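For the protein sequence lines, the chains are S and Y, in the order given. UniProt numbering puts the first sequence at residues 1 to 191. UniProt numbering puts the second sequence at residues 1 to 191. Only one structure is covered here, and it is reproduced in the block below.
2 protein chains.
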Amino acid sequence: MGRPKEFEPDVVVAKAMDAFWTGGYAGTSPADLAEATGVGKGSLYHAFGSKRELFDKALDLYGRAGSEITEAYLNEPGTAKERIRAYLAFLVDTDLDGPVRRGCLAANTALELGGRDPEATESVRRMTDRTIELLAERLRRGQRDGDVAPDVDADAQAHLLMNTIVGLRVMARTHDGPVLHQIIETALSGF
Amino acid sequence: MGRPKEFEPDVVVAKAMDAFWTGGYAGTSPADLAEATGVGKGSLYHAFGSKRELFDKALDLYGRAGSEITEAYLNEPGTAKERIRAYLAFLVDTDLDGPVRRGCLAANTALELGGRDPEATESVRRMTDRTIELLAERLRRGQRDGDVAPDVDADAQAHLLMNTIVGLRVMARTHDGPVLHQIIETALSGF
DNA sequence: GTGATTTTTGACTTCTAGTTCAAAAATCGT
DNA sequence: ACGATTTTTGAACTAGAAGTCAAAAATCAC
């Protein structure tokens, strides 16, 4: 009963995620969020409590969506190196196209709130660790399939790859495609 | 003539750099800057024009200081790999100790203003490129000294190392020492 | 000391962020 | 159609950010 909601909460969170992604946490005002979602400021507060809680939901959505994309890319047919190359190239290319170079919401958040804000830090850490796990699994599968040398330390390489991804997504703010793709190739020559 | 300044501009810029480093650009208010520098708000505006101009000077100082540290580390006696390892370890360790995990001012700025603010973006890009150059030079010297294999592409490795550094300084916000040092070791095994 | 010049001080202004709230609107059960 | 419940709306509020300004203070040249 009661007056029905005039919006789909999931859709609003997705739109808010986009706004935060583009503008950063501090850089996105309640007014911006109202504009981006098409929902009145008051309604947003009624539905989500605070800007911060809405951001948490947005970050959560980002993590789940990112995880799905990672799995999808790594599970397509091909060798471990081919699939990881395709995944990194995808990340860099989507960072670069589009009029605003917004990078990675998780990395952005890590730098904007990391260290200061325990909850956001923890959320980003979980996201990162999940990706590391997926990469390590894919490398081990490559070893079983025979396309990755057995003496490669899958776990260590996965950590380095994750670190490389983070670096790429920051450098996408300041450097151009060819440089970034060259970095990808050099990184892949490590295993 | 006229009333003499009651502060050393260079010292004030250094203190402002510290404040911006800890709090971010948007997160550091004129009041914070006045407190951090010990100079009144009005005087700061009188001397530097705007928060933004003061930030530019702070970023510039950061770049010059960083460049000196890089040169110092790479030029100590030792092989290229030893010196680069020491340099990366130094960066990670200084990121980690101290009560606030503030990471790297340049990387923070790249993510906070990069893409949106052309001048800041350019400044960060110059800083990055300078470091890449220093790393590449050190690798080439290693090849001349015989401690780096001649088939290593010094330029490509330097780019990858720079990318690794950026990644490390972001991950220092969310991850712990052992993980980061393991990443350094894995990265160094690439050449 | 006087005047010219520059710096300091702190009050003041304007603007916006983030949030709250009271009243109106929309729905359901009966 | 009424009351209960929930949502929307827009105004209102508080706090703080960024910047401005006039007056006081400190120096030097003369």
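From the three backbone atoms N, C-alpha and C, an ideal C-beta is built for every residue, glycine too. Note that the structure is a prediction, hence the values are computed from the model and not measured.
Residues in the region 89-113 of chain Y with C-beta within 8 Å of chain S's C-beta atoms, listed in sequence order?
100, 101, 102, 103, 107, 108, 110, 111 and 112
Give the straight-line distance between the Cα atoms of residue 55 of chain S and residue 44 of chain Y, rounded to the nearest whole angstrom.
On the first sequence, position 55 is the one that residue 55 of chain S refers to. On the second sequence, position 44 is the one that residue 44 of chain Y refers to. Those two C-alpha atoms are separated by around 35 Å.
Should residue 153 of chain Y be flagged as near chain S, meaning a C-beta pair shorter than 9 Å?
In the second sequence, residue 153 of chain Y corresponds to position 153, counting from 1. Output row for residue 153 of chain Y: interface = yes.
Can you tell which of Y/142, Y/129, Y/174 and Y/1 has its C-alpha closest to the C-alpha of residue 66 of chain Y?
What you label residue 66 of chain Y is simply residue 66 of the second sequence in a count that begins at 1. Nearest C-alpha to residue 66 of chain Y: Y/129.
Which residues of the region 159-173 of chain Y have a Cβ closer than 7 Å to any Cβ of chain S? Give them in chain order.
159, 160, 163, 164, 166, 167, 168, 170, 171 and 173
Would you say the region 147-160 of chain Y touches the region 121-139 of chain Y, given that touching needs at least three Cβ pairs under 8 Å?
yes
Own chain, CB closer than 7 Å to residue 39 of chain S, minus 5 neighbours either side, in chain order
The residue given as residue 39 of chain S occupies position 39 in the first sequence. Same-chain partners within the cutoff: 7 and 12.
Does chain S have any CB closer than 9 Å to the CB of residue 128 of chain Y?
For the purposes of this step, residue 128 of chain Y is taken as the residue at position 128 of the second sequence. Yes, because at least one Cβ of chain S sits closer than 9 Å to the Cβ of residue 128 of chain Y.
Check whether the Cβ atoms of residue 110 of chain S and residue 62 of chain S sit closer than 9 Å, and answer yes or no.
Your numbering for residue 110 of chain S matches position 110 in the first sequence. Your numbering for residue 62 of chain S matches position 62 in the first sequence. Not closer than 9 Å, so no.
Whose C-alpha, out of S/4, S/32 and S/5, is nearest the C-alpha of residue 195 of chain S?
Look at the range of chain S in this structure, 1 to 191, and you will see that residue 195 of chain S is not part of it.
Less than 9 Å separating the beta-carbons of residue 171 of chain Y and residue 166 of chain S?
Sequence index remark: in the second sequence, residue 171 of chain Y carries index 171 (1-based). Sequence index remark: in the first sequence, residue 166 of chain S carries index 166 (1-based). Yes, Cβ-Cβ distance for residue 171 of chain Y and residue 166 of chain S is below 9 Å.
List, from N- to C-terminal side, the alpha helix (DSSP H) runs of 4 residues or more that fit wholly inside the region 100-134 of chain S.
105-113
Chain Y contact residues for residue 182 of chain S, given Cβ-Cβ distances below 7 Å
Here residue 182 of chain S is taken as the residue at index 182 of the first sequence, counted from 1. Near residue 182 of chain S (Cβ distances below 7 Å), the residues of chain Y are 156 and 159.
DSSP state of residue 57 of chain Y, grouped into three classes?
In the second sequence, the residue the question calls residue 57 of chain Y occupies position 57. DSSP places residue 57 of chain Y in helix when its eight states are reduced to three.
Residue 124 of chain Y touches chain S at which residues, Cβ-Cβ below 9 Å?
To locate residue 124 of chain Y, count along the second sequence from 1; it is residue 124. Correct list: 173 and 174.
Starting from residue 150 of chain Y, trace the alpha helix (DSSP H) in both directions and tell me its first and last residue.
Residue 150 of chain Y sits at position 150 when you count from the first residue of the second sequence. It is not in any alpha helix (DSSP H) - residue 150 of chain Y carries neither H nor E in the DSSP assignment.
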